[in-house]
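Numbering (UniProt numbering), first residue to last: 1 to 139. Think of the CB as a built atom: it goes at the ideal place given N, C-alpha and C, for glycine as much as any other residue.
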(Lines of atoms letter the chains of each structure in order from A; the text may use other names.)
(Lines give C-alpha, C1' and ligand atoms only; values in the text may rest on other atoms or scores of the structure.)
Protein backbone atom coordinates (compact mmCIF):
# COMPACT_ATOMS: atom_id res chain seq x y z
CA UNK A 1 0.00 0.00 0.00
CA UNK A 2 2.02 2.84 -1.33
CA UNK A 3 1.57 6.32 0.01
CA UNK A 4 0.29 5.35 3.45
CA UNK A 5 2.76 6.75 5.93
CA UNK A 6 2.33 7.42 9.60
CA UNK A 7 1.11 10.90 10.29
CA UNK A 8 0.39 13.87 8.17
CA UNK A 9 3.06 15.28 5.89
CA UNK A 10 5.26 12.21 5.76
CA UNK A 11 6.04 9.95 2.89
CA UNK A 12 5.55 10.93 -0.72
CA UNK A 13 3.87 13.88 -2.32
CA UNK A 14 0.75 13.65 -4.47
CA UNK A 15 2.73 12.84 -7.58
CA UNK A 16 4.55 9.97 -5.85
CA UNK A 17 7.90 11.79 -5.62
CA UNK A 18 9.69 11.87 -2.31
CA UNK A 19 9.27 15.12 -0.44
CA UNK A 20 12.30 17.14 0.46
CA UNK A 21 12.35 18.07 4.10
CA UNK A 22 11.29 21.62 4.80
CA UNK A 23 13.92 23.67 6.56
CA UNK A 24 13.15 23.99 10.23
CA UNK A 25 13.25 27.48 11.65
CA UNK A 26 13.38 27.10 15.39
CA UNK A 27 12.05 29.94 17.43
CA UNK A 28 14.79 31.70 19.36
CA UNK A 29 15.00 30.83 23.02
CA UNK A 30 15.62 33.39 25.74
CA UNK A 31 19.26 32.35 25.99
CA UNK A 32 19.66 32.72 22.21
CA UNK A 33 18.28 36.25 22.37
CA UNK A 34 20.65 37.10 25.20
CA UNK A 35 23.65 35.68 23.37
CA UNK A 36 22.79 37.69 20.24
CA UNK A 37 23.68 40.81 22.20
CA UNK A 38 27.15 41.92 21.15
CA UNK A 39 29.89 40.97 23.58
CA UNK A 40 32.50 43.71 23.72
CA UNK A 41 34.95 42.03 26.09
CA UNK A 42 34.99 38.54 27.59
CA UNK A 43 37.22 36.81 30.12
CA UNK A 44 37.36 33.80 32.43
CA UNK A 45 38.20 33.80 36.14
CA UNK A 46 38.84 30.97 38.59
CA UNK A 47 38.14 32.25 42.10
CA UNK A 48 40.99 31.78 44.52
CA UNK A 49 40.53 32.24 48.23
CA UNK A 50 37.44 33.81 49.76
CA UNK A 51 35.46 35.71 47.07
CA UNK A 52 33.69 37.92 49.63
CA UNK A 53 34.66 41.53 50.05
CA UNK A 54 36.30 43.67 47.38
CA UNK A 55 37.21 41.76 44.21
CA UNK A 56 39.86 43.01 41.78
CA UNK A 57 38.91 42.70 38.13
CA UNK A 58 41.34 42.01 35.29
CA UNK A 59 43.58 44.90 34.30
CA UNK A 60 42.67 44.39 30.62
CA UNK A 61 39.00 45.06 31.41
CA UNK A 62 39.96 48.18 33.38
CA UNK A 63 42.01 49.35 30.38
CA UNK A 64 39.13 48.55 27.99
CA UNK A 65 36.60 50.70 29.87
CA UNK A 66 39.10 53.28 31.17
CA UNK A 67 37.54 56.13 29.18
CA UNK A 68 34.13 55.43 30.69
CA UNK A 69 34.98 54.34 34.27
CA UNK A 70 31.45 53.34 35.33
CA UNK A 71 30.58 53.78 39.00
CA UNK A 72 28.58 50.55 38.93
CA UNK A 73 28.10 47.43 36.82
CA UNK A 74 24.93 45.37 36.50
CA UNK A 75 25.87 41.69 36.77
CA UNK A 76 23.33 39.36 35.16
CA UNK A 77 23.25 35.61 34.99
CA UNK A 78 24.01 34.60 31.40
CA UNK A 79 20.98 33.53 29.39
CA UNK A 80 18.57 35.31 31.71
CA UNK A 81 16.91 38.66 31.23
CA UNK A 82 16.12 38.87 34.91
CA UNK A 83 17.19 41.87 36.92
CA UNK A 84 20.86 42.10 37.60
CA UNK A 85 22.83 42.83 40.71
CA UNK A 86 24.06 46.41 40.87
CA UNK A 87 27.68 46.26 41.97
CA UNK A 88 29.70 49.38 42.77
CA UNK A 89 32.97 49.73 40.90
CA UNK A 90 36.05 51.40 42.39
CA UNK A 91 39.07 52.64 40.43
CA UNK A 92 42.24 53.27 42.42
CA UNK A 93 43.86 55.85 40.15
CA UNK A 94 46.57 53.37 39.10
CA UNK A 95 44.43 51.57 36.52
CA UNK A 96 43.10 48.93 38.92
CA UNK A 97 39.37 48.18 39.03
CA UNK A 98 37.50 46.57 41.92
CA UNK A 99 33.98 45.21 42.48
CA UNK A 100 32.76 46.50 45.82
CA UNK A 101 29.26 46.99 47.28
CA UNK A 102 26.85 44.43 45.80
CA UNK A 103 29.54 41.86 44.97
CA UNK A 104 28.99 40.13 48.30
CA UNK A 105 25.25 39.70 47.58
CA UNK A 106 26.09 38.28 44.16
CA UNK A 107 28.55 35.79 45.67
CA UNK A 108 26.07 34.70 48.36
CA UNK A 109 23.22 34.24 45.87
CA UNK A 110 25.38 32.08 43.57
CA UNK A 111 27.11 30.30 46.46
CA UNK A 112 30.52 31.25 45.09
CA UNK A 113 33.61 29.86 46.77
CA UNK A 114 37.23 29.16 45.96
CA UNK A 115 37.53 27.05 42.82
CA UNK A 116 34.39 28.40 41.11
CA UNK A 117 34.85 29.21 37.44
CA UNK A 118 33.23 32.42 36.10
CA UNK A 119 32.91 33.69 32.54
CA UNK A 120 32.34 37.45 32.40
CA UNK A 121 31.02 39.09 29.21
CA UNK A 122 30.98 42.89 29.09
CA UNK A 123 28.02 43.99 26.97
CA UNK A 124 28.51 47.75 27.19
CA UNK A 125 26.47 50.35 29.06
CA UNK A 126 27.75 48.92 32.37
CA UNK A 127 26.02 45.56 31.71
CA UNK A 128 27.93 42.37 32.34
CA UNK A 129 26.72 38.81 31.80
CA UNK A 130 28.18 36.13 34.08
CA UNK A 131 28.22 32.35 33.63
CA UNK A 132 28.83 30.61 36.94
CA UNK A 133 30.32 27.12 37.15
CA UNK A 134 30.92 25.43 40.50
CA UNK A 135 34.23 23.86 41.49
CA UNK A 136 33.30 20.71 39.51
CA UNK A 137 32.91 22.92 36.38
CA UNK A 138 29.15 22.38 36.08
CA UNK A 139 26.52 25.10 35.80
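Practice problem: Counting only the same chain and skipping the five closest in sequence on each side, list residues whose C-beta sits under 6 Å from that of residue 84. | Solution: Position 84 of the chain shown, counted from the first residue, corresponds to residue 84. So the list reads 74, 75, 76, once near-sequence residues are dropped.
Quiz item: Per DSSP, what kind of secondary structure is residue 105 in: helix, strand or coil?
Solution: Looking up residue 105 in the chain shown gives position 105. Helix at residue 105.
Self-check item: the region 63 to 73 in contact with the region 105 to 112 per 3-pair CB rule at 8 Å
Solution: no
Quiz item: Near residue 103, what residues of its chain come up, given a Cβ to Cβ distance below 6 Å and the 5 sequence neighbours on each side ignored?
Solution: Against the chain shown, residue 103 aligns to sequence position 103. Only residues of its own chain outside the window of five on either side were considered, and among them 55, 87 have a CB closer than 6 Å to the CB of residue 103, listed in chain order.
Self-check item: For residue 131, three-class secondary structure by DSSP
Solution: Within the chain shown, the letter at position 131 stands for residue 131. In this structure, residue 131 counts as strand in the three-state DSSP scheme.
Quiz prompt | Enclosing beta strand (DSSP E) for residue 125 [first to last residue] | solution = Position 125 of the chain shown, counted from the first residue, corresponds to residue 125. Residue 125 -> no beta strand (DSSP E), and no H or E assigned at all.
Self-check item: Beta-carbon proximity check, residue 89 vs residue 72, cutoff 8 Å
Solution: Position 89 of the chain shown, counted from the start, is the residue given in the question as residue 89. Position 72 of the chain shown, counted from the start, is the residue given in the question as residue 72. Result yes, Cβ atoms of residue 89 and residue 72 sit closer than 8 Å.
Practice problem: Mark residue 52 as exposed unless 16 or more other C-beta atoms lie within 10 angstroms of its C-beta, in which case mark it buried. | Solution: Taking the chain shown and counting its residues from 1, one reaches residue 52 at position 52. Its Cβ having fewer than 16 others within 10 Å, residue 52 is exposed.
Quiz prompt | Anticipated Cβ contact below 8 Å, residue 46 with residue 117, distance rounded | solution = As a position in the chain shown, residue 46 is number 46, starting the count at 1. As a position in the chain shown, residue 117 is number 117, starting the count at 1. About 5 Å; that satisfies the 8 Å criterion.
Quiz item: Sorted by chain position, which residues of the same chain lie with C-beta nearer than 8 Å to residue 92's C-beta, five sequence neighbours on each side aside?
Solution: To locate residue 92, count along the chain shown from 1; it is residue 92. These residues qualify, in order along the chain: 98.
Exercise. Indicate the three-state DSSP secondary structure (helix, strand or coil) for residue 61 in the structure shown.
Key: Numbered from its first residue, the chain shown carries residue 61 at position 61. Reduced to three states, the DSSP call for residue 61 is helix.
Quiz prompt | Beta-carbon gap between residue 131 and residue 119 smaller than 8 Å | solution = Position 131 of the chain shown, counting from 1, holds the residue named residue 131. Position 119 of the chain shown, counting from 1, holds the residue named residue 119. Yes, Cβ-Cβ distance for residue 131 and residue 119 is below 8 Å.
Exercise. Give the DSSP-derived three-state secondary structure of residue 45 in the structure shown.
Key: Walking along the chain shown from the start, residue 45 turns up at place 45. Reduced to three states, the DSSP call for residue 45 is strand.
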